[in-house]
Amino acid sequence: MANLNKVFLIGNLTRDVDLRYSPNGVAVARMGLAVNRITKGQDGEKKEEVCFVDVVVLGKTAENCNTYLAKGRPVFIEGRLQTNTWETPEGQKRSKIEVLAERVQFLGGPRPGEEKPFDEDIESIESEDDIPF
């Protein structure tokens, strides 16, 4: 049976980009994304649903996101779902689903006095061992 893990999202950043570097020097940016959906209730009233998604970006694209993006900015994300697992200091295992971005496109145009952001594709990763988590 075939498998498919592909995500396309357009939304607004819920916080500024958090840029860090892995021990092997790979840039890792974490962003929160709010994706809105408008529906009609049974009473005919429009309702807005918001889905909050955590996004991880790697490499040069992560650095570009840190330079050009900020809370509230619209962005297009193409990527895949991945599970992030960790252990708390108390020894409890935790996990969450997040999007690993393969492509990030800045939307909405530049802010006054800012260079025009550009569409940036993440460089291909040689192996899963290079991922810093």
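Going by the working numbering, the sequence shown opens with residue 121, and the numbers climb by one from there. All residues carry an ideal CB built from backbone N, CA and C; glycine is no exception. This one's a predicted model, so the numbers in the text were calculated from it and none came from an experiment.
For residue i, the residue or residues it bridges with in DSSP
i             : result
threonine 159 : Lys167
proline 194   : Asn132
lysine 213    : Glu207
glycine 199   : Val127, Ala221
leucine 178   : Val148
Burial state of residue i (16 or more Cβ within 10 Å)
i                 : result
tyrosine 188      : buried
methionine 151    : buried
phenylalanine 226 : buried
glutamate 248     : Here glutamate 248 scores only 48 on pLDDT, less than 50, and its place in the model is too uncertain to base an answer on.
arginine 140      : exposed
Threshold first: 3 residues or longer. Then list the beta strand (DSSP E) segments lying entirely within the stretch 122-162, N to C.
127-133, 138-141, 147-160
Taking three-plus beta-carbon pairs below 8 Å as touching, is the stretch 145-164 in contact with the stretch 179-188?
yes
Please confirm if the stretch 197-204 is in contact with the stretch 214-222, defined as three or more CB-CB distances below 8 Å between the two stretches.
yes
Below 8 Å, how does it come out for the stretch 130-146 and the stretch 172-180: are there three or more Cβ pairs, yes or no?
yes
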